[in-house]
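2 protein chains.
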Amino acid sequence: MSQGKSDRGSETRELILVTAERLFAEHGVEAVSNRQVSEAAGQSNNFAVGYHFGSKEELVVAIVRRHSESVERRRAEMLAEIAGSPDLRDWMSCLVRPTTEHLASLGSPSWYARFIAQVTTHPSWRERVSKEVGSSRALQQIIESVFQLVPRLPEDVRQDRGNMSRLLIAHMCAERERALHEGTAPPRSTWESTAAGLVDALVGLWLAPVSARR
Amino acid sequence: MSQGKSDRGSETRELILVTAERLFAEHGVEAVSNRQVSEAAGQSNNFAVGYHFGSKEELVVAIVRRHSESVERRRAEMLAEIAGSPDLRDWMSCLVRPTTEHLASLGSPSWYARFIAQVTTHPSWRERVSKEVGSSRALQQIIESVFQLVPRLPEDVRQDRGNMSRLLIAHMCAERERALHEGTAPPRSTWESTAAGLVDALVGLWLAPVSARR
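Shown next as structure tokens:
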């Protein structure tokens with residue numbers, strides 16, 4: 005393939021990814037056909053999604069990867085900075101900020117926070133996308149370090165609070181992104197103050213005493 | 005209308021509601037047509053959903069109402085029991101347990117927790133369903149009382165933590181319901197221990213100090 009043709013191919017791929025993400029966030033992944041994505045991306049070939057991505061599932065995964073690479077890079081950098089820190093706040097920051105900083109870098113309107121909240125809650129996409137996002141090595145290292153910082157918590161409570169942290173970050177970011185886009189005032193004025201609020205809350209959540217078990 | 009005919013009508017309505025809730029939780033609300041719901045509910049008339057509910061939106065709202073009446077009743081009872089309590093834990097329990105106890109009462113498999121998490125995250129259903137759920141008088145009273153118990157928190161932090169509480173309860177219940185149904189071990193063994201874990205975490209979240217504002 006000549007260089008020019010390959011460039012055009014990768015431009016088309018990028019255009020389809022951006023268009024699909026917006027349409028999925030606006031209308032729901034199920035409600036938008038591959039044909040509608042191709043048309044909205046200005047492709048004369050209605051099968052452009054099929055040609056470039058195969059299936060809708062692969063398109064969904066490609067949208068996730070487009071962002072998760074950037075989030076993962078930030079996370080690895082932050083992780084290197086706080087290595088060995090005994091301060092739970094540093095680790096919560098490392099859970100929260102790679103995502104909020106990535107979202108801030110997208111400008112407004114962004115669509116990714118709503119897209120990812122939707123697909124991780126949807127029966128048809130949840131498993132595939134969770135596998136993609138959960139495969140982050142940096143994320144696993146953070147969770148292991150957090151577990152070591154709260155040695156007195158029973159194993160099931162640690163697991164539970166790990167799940168709570170993930171859900172809280174994903175859905176708070178989605179609600180903020182929606183509020184920004186719809187022009188309804190979100191409680192926090194910036195992504196940085198959103199991050200600060202999440203870090204405070206998560207530190208409290210992880211340090212909360214465990215009430216007597218029945 | 006004769007009594008017998010009216011009874012049959014209300015039985016059919018109930019059958020459609022139960023069937024639709026399961027299909028929506030299994031496949032996604034968008035992916036299931038009104039016709040498929042009618043057929044799966046054993047209706048010879050393919051327009052049974054239209055006849056009994058009007059539109060899919062009205063069907064979605066009717067599913068929510070079928071459960072929210074029971075949740076609201078429990079919440080009003082708990083609210084009466086703890087009226088005036090100065091203990092934040094009581095109020096968190098009143099936020100969490102009406103939902104977890106309702107879900108426990110449904111037996112397994114239940115579908116409602118996954119259904120509600122999905123529709124409140126979906127661009128097409130979110131607003132209508134949030135309005136329905138948010139109209140709870142008891143819930144508003146709880147939130148107001150919680151706000152009074154944390155007088156030093158800035159207004160935006162209170163709003164933020166109120167949103168966090170709502171999202172945490174909804175999505176943790178959905179994940180537990182899914183894990184129960186799929187036979188993958190959820191961290192907590194019972195709905196009651198799930199509730200206890202949520203109450204502990206939420207107390208920590210609300211009492212967390214607010215870091216210096218930038």
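Chains A and B supply the protein sequences, listed in that same order. Just so we're aligned, residue 5 is where the first sequence starts under this note's numbering, counting upward by one. Just so we're aligned, residue 5 is where the second sequence starts under this note's numbering, counting upward by one. Each residue gets a CB set at the ideal place from its N, CA and C atoms; glycine is no exception. Computed from a prediction, not measured in an experiment: that's the story for all the values here.
Handout entry: Residue environment, Met5(B), which counts as buried when at least 16 other CB atoms sit within 10 Å
Key = Summary for Met5(B): the model assigns pLDDT 46, below 50, so the residue's position carries little reliability, and this model does not support an answer.
Problem - Beta-carbon neighbours of Leu184(A), restricted to chain B and to distances below 7 angstroms - result: Below the 7 angstroms Cβ cutoff, chain B contributes no neighbours of Leu184(A), its closest Cβ being approximately 14 angstroms away.
Handout entry: CB contact check: Arg39(A) to chain B, cutoff 9 angstroms
Key = Chain B contact via Cβ: absent.
Practice task
Check each candidate in His71(A), Arg17(A), Glu179(A) and name the one with the smallest Cα separation from Ser140(A).
Solution key: The shortest Cα separation from Ser140(A) among His71(A), Arg17(A), Glu179(A) belongs to His71(A).
Exercise for the section: Starting from the Cα of Arg26(A), find the closest Cα among Ser89(A), Ile120(A), Ser215(A) and give me that residue. Expected result: When only C-alpha atoms are compared, the closest one is Ile120(A).
Exercise for the section: Taking the CB atoms as reference points, tell me whether Val53(B) and Ile20(B) lie closer together than 9 angstroms. Expected result: Contact: yes.
Handout entry: Inter-residue spacing [alpha-carbon to alpha-carbon] between Ser114(A) and Ser215(B)
Key = Distance between the alpha carbons of Ser114(A) and Ser215(B): 27 angstroms.
Practice task
Go ahead and pull the three-state DSSP assignment for Glu34(B).
Solution key: It is coil, neither helix nor strand.
Handout entry: Meets three-Cβ-pair contact criterion under 8 angstroms: the stretch 196 to 210 of chain B and the stretch 168 to 178 of chain B
Key = The stretch 196 to 210 of chain B vs the stretch 168 to 178 of chain B: in contact.
Exercise for the section: Can you give me the start and stop residues for the alpha helix (DSSP H) that Val220(B) sits inside? Expected result: The requested residue 220(B) does not occur in the structure, where chain B is confined to residues 5 to 218.
Problem - Reduced DSSP category for Phe51(B) - H, G, I as helix; E, B as strand; rest coil - result: In this structure, Phe51(B) counts as coil in the three-state DSSP scheme.
Handout entry: Gln152(B) to Glu30(A) span [Cα, whole Å]
Key = About 37 angstroms.
Exercise for the section: Find out if the Cβ-Cβ distance for the pair Phe2(B), Arg17(B) is shorter than 9 angstroms. Expected result: The structure shown does not extend to residue 2(B), since chain B is modelled only from 5 through 218, so no value can be given for it.
Problem - Residue burial classification, Asp94(B) (beta-carbon count within 10 angstroms, cutoff 16) - result: Buried: at least 16 other Cβ atoms inside 10 Å.
Practice task
In angstroms with no decimal places, state the Cα-to-Cα distance between Leu92(B) and Thr103(A).
Solution key: Cα to Cα, Leu92(B) sits roughly 31 angstroms from Thr103(A).
Problem - Where the stretch 146 to 163 of chain A meets chain B: residues whose CB sits under 7 angstroms from a CB there - result: Legend: CB atoms of the stretch 146 to 163 of chain A lying less than 7 angstroms from CB atoms of chain B belong to residues Asp160, Val161, Gln163.
Practice task
Using a Cβ-Cβ cut-off of 9 angstroms, state whether Met5(A) counts as contacting chain B.
Solution key: Only weak support exists for where Met5(A) lies, its pLDDT of 46 falling under 50; the value from the coordinates is given anyway. Judged by the 9 angstroms Cβ criterion, Met5(A) is not in contact with chain B.
Problem - Assigned secondary structure, Ser21(A) (DSSP; H/G/I helix, E/B strand, else coil) - result: It is worth fixing the name first, because residue 21(A) is Leu in this sequence and not Ser. Helix.
Practice task
Please check if any C-beta of chain A sits within less than 9 angstroms of the C-beta of Trp210(B).
Solution key: Between Trp210(B) and chain A, the shortest Cβ-Cβ separation is below 9 angstroms.
Problem - C-beta contact flag for Phe51(B) and Arg39(B) at 9 angstroms - result: Yes.
Handout entry: As assigned by DSSP and simplified to three states, the class of Met5(A)
Key = Annotation note: pLDDT 46 at Met5(A) (below 50); position unreliable, no value reported.
Handout entry: Member of Arg192(A), Ala45(A), Glu131(A), Ser128(A) whose CA lies at the smallest distance from the CA of Val161(B)
Key = Considering only alpha carbons, the answer is Arg192(A).
Exercise for the section: Anything in the stretch 96 to 125 of chain B with a Cβ closer than 9 angstroms to a Cβ of chain A? List those residues in chain order, please. Expected result: Going along the stretch 96 to 125 of chain B in chain order, one finds Arg118, Ala121, Gln122, Thr124, Thr125 with a Cβ nearer than 9 angstroms to chain A.
Exercise for the section: Measure the CB-CB distance between Thr125(A) and Val137(A) and report whether it falls below 9 angstroms. Expected result: Result no, Cβ atoms of Thr125(A) and Val137(A) do not sit closer than 9 angstroms.
Problem - With 16 other Cβ atoms within 10 Å as the buried cut-off, status of Arg165(B) - result: Burial call: buried.
Exercise for the section: Determine which residues of the stretch 75 to 93 of chain B have a Cβ less than 9 angstroms from any Cβ of chain A, and write them out in chain order. Expected result: Taking 9 angstroms as the Cβ-Cβ cut-off against chain A, the residues of the stretch 75 to 93 of chain B that qualify are Arg93.
Practice task
Give the range of the alpha helix (DSSP H) segment to which Pro102(A) is assigned.
Solution key: Segment 92 to 109, the alpha helix (DSSP H) holding Pro102(A).
Practice task
On a CA-only basis, which of Trp129(A), Arg132(A), Gly201(A), Asn167(A) is nearest Gln144(A)? Give me that one, please.
Solution key: Closest by C-alpha distance to Gln144(A), out of Trp129(A), Arg132(A), Gly201(A), Asn167(A), is Asn167(A).
Exercise for the section: Under 7 angstroms between beta-carbons, which chain B residues line up against Glu30(A)? List them in chain order, please. Expected result: Here the neighbours are Pro127.
Practice task
Let me know the secondary structure DSSP gives Arg118(A) once reduced to three states.
Solution key: When DSSP states are grouped into helix, strand and coil, Arg118(A) belongs to the helix group.
Exercise for the section: Check Val75(A) in the structure and name its three-state DSSP category. Expected result: Val75(A) falls in the helix class under three-state DSSP.
Exercise for the section: Please report how far the alpha carbon of Ala183(B) lies from the alpha carbon of Gly32(B), in whole angstroms. Expected result: Cα-Cα distance, rounded: 17 angstroms.
Exercise for the section: Please state whether DSSP places Gly201(B) in a helix, a strand or coil. Expected result: Here Gly201(B) sits in helix by DSSP.
Practice task
Determine whether the Cβ of Thr198(B) lies closer than 9 angstroms to any Cβ atom of chain A.
Solution key: Yes, contact with chain A.
Exercise for the section: Return no unless some Cβ of chain A is closer than 9 angstroms to the Cβ of Ala24(B). Expected result: So, not an interface residue.
Problem - Other residues of its chain near Met96(B): CB distance less than 6 angstroms, five sequence neighbours each side excluded - result: Within the same chain, Met96(B) has close Cβ partners Val203, Leu206, Val207.
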